[in-house]
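Per the working numbering, the very first residue in the sequence shown carries number 116; after that it's consecutive.
From the three backbone atoms N, C-alpha and C, an ideal C-beta is built for every residue, glycine too.
Since this is a predicted model, take the numbers as computed values, not measurements.
Worksheet: the structure to be examined is printed underneath.
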Amino acid sequence: MISRYQDLGWGVSCIEAGFQRPGLAGCYLLLRDGEAALIDTGTARTFPNILSLFAEKGIDRSQLRYVIPTHVHLDHAGGAGQLMAHFPRASLVVHPNGARHLIAPEKLAAGSRAVYGEADFQRHFLELLPVDEARVITAQDGLELELGNSRLTCIDAPGHARHHIVIHDPASGGLFTGDTFGIAYPELTTKAGPYLLLPSTPVQFDPEGWHRTLDRLLAIAAKRVFLTHYSGIDQAPQHAESLHQQIDAYVDIARGAAGQQERYPHLHQALWEFHDARLDRHGCRLDQSQRRLLLEMDIGLCAQGLDVWLQRQAG
Numbered sequence: 116m117i118s119r120y121q122d123l124g125w126g127v128s129c130i131e132a133g134f135q136r137p138g139l140a141g142c143y144l145l146l147r148d149g150e151a152a153l154i155d156t157g158t159a160r161t162f163p164n165i166l167s168l169f170a171e172k173g174i175d176r177s178q179l180r181y182v183i184p185t186h187v188h189l190d191h192a193g194g195a196g197q198l199m200a201h202f203p204r205a206s207l208v209v210h211p212n213g214a215r216h217l218i219a220p221e222k223l224a225a226g227s228r229a230v231y232g233e234a235d236f237q238r239h240f241l242e243l244l245p246v247d248e249a250r251v252i253t254a255q256d257g258l259e260l261e262l263g264n265s266r267l268t269c270i271d272a273p274g275h276a277r278h279h280i281v282i283h284d285p286a287s288g289g290l291f292t293g294d295t296f297g298i299a300y301p302e303l304t305t306k307a308g309p310y311l312l313l314p315s316t317p318v319q320f321d322p323e324g325w326h327r328t329l330d331r332l333l334a335i336a337a338k339r340v341f342l343t344h345y346s347g348i349d350q351a352p353q354h355a356e357s358l359h360q361q362i363d364a365y366v367d368i369a370r371g372a373a374g375q376q377e378r379y380p381h382l383h384q385a386l387w388e389f390h391d392a393r394l395d396r397h398g399c400r401l402d403q404s405q406r407r408l409l410l411e412m413d414i415g416l417c418a419q420g421l422d423v424w425l426q427r428q429a430g
């Protein structure tokens, strides 16, 4: 059973985002010396959970100093406008390439409707509220943020998206990685550990950039990684190697579909075959129907992302 939130230690809590199903997406509360930061926001439906946690922990809204979406995909940033309205002393910290989309979210909403469809957009995301530009801090690579007696460092992290940052938190020994370090749903964890899946979500999959980002993150030698999907994991070098392999495999899958008249079905099938084989080797006991119920949305988005990447490669 997934709790509304989990205290992970080091002043870090993982808050259940309530996106589609429990255990799919979370966001993180960092509390340091009376000051707080939120990393990722979930959707517009998430902020009641955040308000409830603040009340339960006795944290005044004035203590929230930063709202930090790792990137502007809506499961990570869709609730930014609502949070900024409810926490009037907070600053929004966002990648320079993503800031304009949260200040004026119309294009972001239109793009998300194109990916998810109108019905799913309304069911999962609701309205995107604009954020006052005067309250936005653009997270240039290396930006340091004071939080109590500690510092957070923002790291440019292309690969999944060109508007992605990773946040290094020396106090917890962790990296808050959004989608850069993959997704690892609790249902797929076995004796071999978590199963990481590379999310090549539309529309900015960048294989070479992703390889460089993973190498840069490993050089930090963090003790743990905090995933939006879902919660914290250890053994970062082992998992980074798996992600490197998946990047290369995705490129091969995409190139194998390049000559197909209908690329998406080919990509979709090839990705399922790839991950089914890996899940079998990982010791996953879920049957085919259970896997598809859990991962169909992600595999579909990965296939869309590879299709867009092929279009860009063709010029």
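Helix, strand or coil for residue i? Go by DSSP, reduced to three states.
i: Gln376; result: coil
i: Cys417; result: helix
i: Asp363; result: helix
i: Leu267; result: strand
i: Phe341; result: strand
i: Ala276; result: coil
i: Arg400; result: coil
i: Asp122; result: strand
i: Glu323; result: helix
i: Val246; result: coil
i: Gly76; result: Examination of residue 76 is not possible in this model, given that the chain is present from 116 through 430 alone.
i: Val208; result: strand
i: His188; result: coil
i: Leu165; result: Sequence check: residue 165 is Ile here, not Leu. Three-state DSSP puts Ile165 in a helix.
i: Val230; result: helix
Do residue i and residue j have their C-beta atoms within less than 8 angstroms of each other?
i: Cys142; j: Asp155; result: yes
i: Gly257; j: Ala337; result: no
i: Ala429; j: Leu382; result: no
i: Ala385; j: Gly126; result: no
i: His344; j: Ala140; result: yes
i: Pro273; j: Asp330; result: no
i: Ala200; j: Leu179; result: no
i: Leu255; j: Leu313; result: The question names Leu, but residue 255 in the sequence shown is Gln. Contact: no.
i: Pro245; j: Gly196; result: yes
To the nearest angstrom, how far is the alpha carbon of residue i from that of residue j?
i: Gly124; j: Gly398; result: 29 angstroms
i: Phe291; j: Pro211; result: 18 angstroms
i: Asp190; j: Phe236; result: 11 angstroms
i: Arg339; j: Gln350; result: 7 angstroms
i: Ala363; j: Gln375; result: Here residue 363 is Asp; the residue named in the question, Ala, does not match the sequence. Rounded to whole angstroms, Asp363 to Gln375 spans 20 angstroms at the Cα level.
i: Glu233; j: Ala132; result: 21 angstroms
i: Gln405; j: Leu425; result: 30 angstroms
i: Phe134; j: Tyr231; result: 13 angstroms
i: Leu262; j: Asp284; result: 10 angstroms
i: His354; j: Gly213; result: 27 angstroms
i: Gly371; j: Leu410; result: 22 angstroms
i: Val366; j: Lys172; result: 46 angstroms
If I measure Cβ to Cβ from residue i and keep anything under 7 angstroms in the same chain, skipping five residues before and after, which residues do I get?
i: Leu223; result: Val187, His216 and Leu243
i: Asp422; result: Arg378, Tyr379 and Leu382
Please work out which residues of its chain come closer than 6 angstroms, Cβ to Cβ, to residue i, disregarding the five sequence neighbours upstream and downstream, and give them in chain order.
i: Pro309; result: Ala299 and Ile348
i: Leu198; result: Thr156, Phe162 and Val182
i: Gly194; result: Thr156, Gly157, Thr158, Ala159, Thr161 and Phe162
i: Ser346; result: Cys129
For the ligand PLP, is there a heavy atom less than 7 angstroms away from the beta-carbon of residue i?
i: His188; result: As for the ligand PLP, it is missing from this structure, which has no ligand bound.
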